[in-house]
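Shown next, in structure tokens, is the structure this report addresses.
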Amino acid sequence: MKSNVGKQFKDGVIANNPVFVQLLGMCPTLATTTAVVNALGMGAAVIVVLMFSNLFISLLRKIIPKQVRIASYIVIISGFVTAVELIIKAFFPSIDAALGLFIPLIVVNCIILARAEAFASKNRPMPSMIDGIATGAGFTFALVCVAFVRELLGTGKIFASADGTGGLSVFGGGYPGAPIFLLPAGAFLTLGFVIAAVQKIASVIDKRSQNKKTAEASETACGVARDLSYNEDEDT
Amino acid sequence: MDKKENLSTNETSPKYLVKLVAVLTAISVLVAAILAAVNFFTKGKIADNGSKAKEKAVLSIFTSGDESRLYKKSENEEIYLAYKDGGILGYCVFISSSGFSGDIDMMVGISSDYTTAGVKIVSMSETPGVGSKTNSDEFLSRFIGGNHSDPVKGCDAISGATISSKAVAEGVAAAHGINIDLETVAAEVGASVIQNVPESDAEETNNEPDETESSADVDDGEDANTEDTTPDEPSSENDPEPEPPSGNDNYVYGEVGGDPSYRYGRYAETAENQYRIEISRSEETAEVETDDEDETEEE
């Protein structure tokens, strides 16, 4: 709970990555990762929303009564999402055209409500804001990882702009593209393999530095997250 | 977890209940104020972006043009004029046609000889790799040259993307269904019409009947300028109605032939056709399969 910026970032991006470890926010992860540019746009929008919603919720945490806290959080979050949506529409129309409906849908992105409930409502404004940025960075990192694979295999190009033009051709002009990777099925496949790869890498690193305290901390964090998701599955 | 701890004694007191409402209201008002401010600063810019994208689409159809202006915008039609050195090259109709997943917004350019100058898709959400193939120059250029009485020219759909191809064709047909008389429009905005220079002799002969048609329109327009305000209604008089010859059967896609149940109307306007199109959509996969079977049987 201490305002240790480095630890917060490590936690948000690696140890408790919202997508790879907590498996939160799957909807935008699957839907907006057809191109790296889209992933970056979505990630930036989420970082801004998380930062401001965490800050406001943290500032208001002693005023908001427990009984109406979820309603209050949602009002605050949706306010910031709408503001971000308007700003994107005004200044980045091509990103708006590519992401479309998924910007307003950030309101129901469970990462944001989860951080509000789990962190911002219990911590002071500065650490809450940093937590928002760290978690958002982790989300963006995950989106870019998935989008990189999907765009590369799906179109043979990388870093194409949001309207599909430009980009760095990796496999040459003769590559016909594998549209499956741009379709939902490819999103699930890619996400599964990317999560598996990340977990493997994480476990290898864990084994190498088993004696170090930091590794233990991240492992228990992973364990808690897995237990949580397991319980959720059982409920449904 | 925290809920049980918070079941404090004062929870049901009226004062506390009022506090709940007051806090939530205050937060809502605060957020609304922030949103109002953001909306105030971005409203103009967003409207600008929308019209800029459309104007860009108009100029990408009329590549020789140097300016495009909104001519008319009503609930069901939005028409842009393309200018070159102050003269009118043609007009563009902005149209939404419902595709396989969501609307396809497109700009249909019609040049001064009332043939299709080009089609540009402004936004679509069709399946990547399948329906999105309709947004290619290769496909969209097939519509170039279509006229009021035969807007789609029976050009082929993209295989696997029947619904999306049909949606684009419907949009093109609907754009031709809107009757615009460029001469009267030009008189209205105070500009002259630049006649389309045909690219080849063959095209010139094709265009001739259209030109006589347009000159007839001019006469009508000069007689009664009141007609300008509602260019759609006199369409029944001026133009021998592009729709009714809905020689639906003429606009068959691909080589499906034979069974009339595989022929769908190209025009979104008439209720009957809309019904047909909906049916075809709901049974999309089934339809494609039967199409294929049919073809193999014929072979």
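As you go down the protein sequences, you meet chains A and B in turn. Residues in the first sequence are numbered consecutively from 35, following this note's numbering. Residues in the second sequence are numbered consecutively from 980, following this note's numbering. Even glycine gets a Cβ: it sits at the ideal position worked out from N, Cα and C.
Under 8 Å by Cβ, that's how I've got Val1109 (chain B) and Gly1133 (chain B) pegged, so tell me the actual separation to the nearest angstrom. Val1109 (chain B) to Gly1133 (chain B), Cβ: 22 Å. No contact.
Gln101 (chain A) versus chain B: which residues are under 7 Å apart at the beta carbon? Leu999
Using alpha carbons as the reference points, say which of A:Gly201, A:Tyr209, A:Val142, A:Phe114 lies closest to Ala1016 (chain B). A:Phe114
Counting only beta-carbon atoms, is Ala1146 (chain B) nearer than 8 Å to chain A? no
If we count the other Cβ atoms within 10 Å of its Cβ and call it buried at 16 or more, is Leu177 (chain A) buried or exposed? buried
Is there a C-beta anywhere in chain A that falls below 8 Å from the one on Leu1049 (chain B)? no
When the cut-off is 8 Å and only beta carbons count, does Leu1038 (chain B) lie next to chain A? no
Secondary structure at Asp1084 (chain B), three-state DSSP: helix, strand or coil? strand
For the candidate residues B:Ile1173, B:Ala1154, B:Thr1021, whose alpha-carbon lies nearest to that of Asn1055 (chain B)? B:Ala1154
Find the residues of chain B that neighbour Val109 (chain A), judging by a C-beta separation of less than 7 Å, and give them in chain order. Ile1006, Ser1007, Val1010
Strictly below 7 Å CB to CB, what residues from chain B border Thr116 (chain A)? Leu1014
Neighbouring residues, chain A, relative to Ile1025 (chain B) (Cβ below 8 Å): Leu120, Lys123, Ala124
Should Leu93 (chain A) be flagged as near chain B, meaning a C-beta pair shorter than 8 Å? no
Cut-off 8 Å between Cβ atoms - residues of its own chain near Gly206 (chain A), not counting five sequence neighbours on either side: Gly190
Count the other CB atoms within 10 Å of the CB of Val238 (chain A); is the residue buried (16 or more) or exposed (fewer)? exposed
Using three-state DSSP, classify Leu57 (chain A) as helix, strand or coil. coil
So, is Ser1214 (chain B) buried or exposed, given that buried needs 16 or more other C-beta atoms within 10 angstroms? Confidence at Ser1214 (chain B) is low in this model, with a pLDDT of 40, below 50, so the placement of that residue is unreliable and no value is reported for it.
So, is Gly86 (chain A) buried or exposed, given that buried needs 16 or more other C-beta atoms within 10 angstroms? Note on identity: in this sequence residue 86 (chain A) is Phe, with Gly being the wrong assignment. Buried, by the Cβ-count rule.
Below-8 Å beta-carbon distance, Leu216 (chain A) vs any chain B residue: yes
Of all the CB atoms in chain B, is at least one closer than 8 Å to the CB of Pro213 (chain A)? yes
Please report the Cβ distance between Leu1049 (chain B) and Tyr1059 (chain B), rounded to the nearest whole angstrom; I am assuming they are in contact, meaning their Cβ atoms lie under 8 Å. 6 Å
Neighbour-count burial assignment, Gln244 (chain A), 16 or more Cβ in a 10 Å radius: exposed
With a floor of 4 residues, list each alpha helix (DSSP H) that falls wholly inside the segment 133 to 203 of chain A, ordered by position along the chain. 144 to 149, 159 to 189
Please determine, among B:Ser1039, B:Phe1073, B:Leu1038, the residue with the shortest C-alpha to C-alpha distance to Lys1052 (chain B). B:Phe1073
Who are the neighbours of Ser106 (chain A) on chain B, taking C-beta pairs under 8 Å? Val1002, Leu1003, Ile1006
Using 8 Å for Cβ pairs, my map puts Ser106 (chain A) next to Leu1003 (chain B). What's the rounded Cβ distance? 6 Å
Which chain E residues sit within Cβ distance under 7 Å of Ile98 (chain A)? Among the chains of the structure shown, chain E does not appear; the protein chains present are A and B.
Residues of chain B with a CB under 7 Å from the CB of Ala131 (chain A): which are they? Ser1102
Just list the residues that DSSP pairs Ser926 (chain B) with in beta bridges. Within the shown structure, residues of chain B are numbered from 980 to 1278, placing residue 926 (chain B) beyond reach of any answer.
Looking only at C-alpha atoms, which of A:Gly201, A:Leu186, A:Asp240 sits nearest to Phe193 (chain A)? A:Gly201
Chain A contact residues for Pro1130 (chain B), given Cβ-Cβ distances below 8 Å: Within 8 Å Cβ-Cβ: nothing; Pro1130 (chain B) doesn't reach chain A, min ~27 Å.
Excluding sequence positions up to five away, which residues of its chain have a Cβ less than 8 Å from the Cβ of Tyr1062 (chain B)? Gly1044, Asp1045, Glu1046, Ser1047, Arg1048, Leu1068, Ala1170
Backbone CA spacing between Thr44 (chain A) and Ser1102 (chain B) [nearest angstrom]: Going by the sequence as given, residue 44 (chain A) is Lys instead of Thr. Between Lys44 (chain A) and Ser1102 (chain B), the C-alpha separation is close to 40 Å.
With 9 Å as the limit, tell me which residues of the segment 1150 to 1172 of chain B have their beta carbon closer than that to any beta carbon of chain A; keep them in chain order. none
Please report how far the alpha carbon of Gly208 (chain A) lies from the alpha carbon of Gly1023 (chain B), in whole angstroms. 44 Å
Given this structure, state the Cα-to-Cα distance separating Ser1080 (chain B) from Asn1158 (chain B), to the nearest angstrom. 29 Å
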